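Peer 1:
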Amino acid sequence: MSGTSTFPRPISKRWILAALAALALTLTSAVPAATADVTVQALTHKSPFSCDKTFYANNWSPGHNPSGSIDWQSYGTDAINGETVRATAGGTAYFRDAGSTSYGKWVEIVHSDGTRTRYAHLATMVRAAGTSMSVSQGTVIGTVGSTGGSEAPHLHYEQRTSSNTVDTSPTVEGVTVSLGQRKAVTSTNGCGTNPYTPTEVCGSGYSVIDSAALGSVGKVFLLYSSDNGYNCVVTLKYTNVGTPSAVSAFLEPEGSTRTTNSGSFGYYAGPVERQAPGACVRWGGSVGGTSYTSPFEHCG
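Numbering-wise (our numbering), the sequence shown opens with residue -17 and increments by one.
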């Protein structure tokens, strides 16, 4: 044999540690920084009813089963029996029928984050019991009735966590209904996809104090700012959103002239801002041929 060995030389522990450190640095730098902190955004639920429908949300306590579920009932001229029921958020809807007991005809929607909503005592469902379908926020799933263990027409509604426990303070349309509370909630479900809100148009400090639906084509809002004492009116479009079309908004303090903003706009008319110290205001607007004009009101 020659004097040169054919076997590899032993690898030192120092070399191994250095190599592992270099590999760890390479893997760390290869991962985008944005993945280091991933935040799961909570779902936003709309009302389970059609655009501009207002119903009472009752979170009965004690005595409601399960505790924290909501009974939706008629409000004003909006009668709930036979009313269209829509998904409050997107997901997969499962259609079921408990017969003459418990929920009766009911739907459970499993949402993308693992949470669930339930809609019970339905008169009709858009699919047969035992089937399922993918739904988006606003998809029609049935109609209000009184099937199962129900004494009168209403919609039994639940929001459940990913662990399938009932949320005792559910929130719809930004309104939280806690145990023992009863609140009138107006739906924006199916109203359209206008990306603007009345407060965004009027600006910081304004709050909505009144509104009027323009059928399904839009809505007029009256806002007020306690910071500067101004009223503000804006009309949002819910049809032909993004495409310029006729829309208007106006505001008229009693005893003064009317200020109007009108034209061919893609998303909204306004903001129309006026002070009205010690006076009532008339306000309104239009989308296309549908218009609203208030009486003189909101005095002060």
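Where a beta carbon is used, it is the ideal one built from N, C-alpha and C, also for glycine. A quick note: this is a predicted structure, and the numbers were derived from the prediction, not measured.
Would you give the residue range spanned by the beta strand (DSSP E) that P235 belongs to?
Peer 2: Element bounds for P235: 227 to 235.
Peer 1: Is the segment 47 to 63 touching the segment 135 to 148 in the sense that three or more CB pairs, one from each, lie closer than 8 Å?
Peer 2: Contact between the segment 135 to 148 and the segment 47 to 63 is present, because at least three Cβ pairs lie under 8 Å.
Peer 1: So, is E236 buried or exposed, given that buried needs 16 or more other C-beta atoms within 10 angstroms?
Peer 2: Exposed, by the Cβ-count rule.
Peer 1: Does the count of Cβ pairs from the segment 223 to 236 and the segment 254 to 274 closer than 8 Å reach three?
Peer 2: With a cut-off of 8 Å, the segment 254 to 274 and the segment 223 to 236 count as touching, because enough Cβ pairs lie within range.
Peer 1: For I123, count neighbouring Cβ atoms within 10 angstroms of its own Cβ and tell me buried if that reaches 16, exposed if not.
Peer 2: Counting Cβ neighbours within 10 Å, I123 comes out buried, since at least 16 surround it.
Peer 1: Among all the DSSP beta bridges, which residues are the ones paired with D60?
Peer 2: DSSP output for D60 lists Y57 as bridge partner(s).
Peer 1: Please report the residue range of the alpha helix (DSSP H) in which E133 lies.
Peer 2: It is not in any alpha helix (DSSP H) - E133 carries neither H nor E in the DSSP assignment.
Peer 1: Using CA atoms only, rank isn't needed, just tell me which of T150, A75, E155, V126 is closest to T26.
Peer 2: Answer by Cα proximity: E155.
Peer 1: Within the chosen definition, does the segment 72 to 91 reach the segment 102 to 109 through at least 3 CB pairs nearer than 8 Å?
Peer 2: Result yes; three or more Cβ-Cβ pairs closer than 8 Å.
Peer 1: Quick check on the DSSP output: the beta strand (DSSP E) that includes E140 runs from which residue to which?
Peer 2: Note, E140: beta strand (DSSP E), 137 to 142.
Peer 1: DSSP three-state label for V269, please.
Peer 2: DSSP places V269 in strand when its eight states are reduced to three.
Peer 1: Report the rounded CA-to-CA distance for W42 versus E279, giving the unit in angstroms.
Peer 2: C-alpha separation (whole angstroms): 34 Å.
Peer 1: Check for me: the alpha helix (DSSP H) holding P180 runs from which residue to which?
Peer 2: 180 to 184 is the extent of the alpha helix (DSSP H) around P180.
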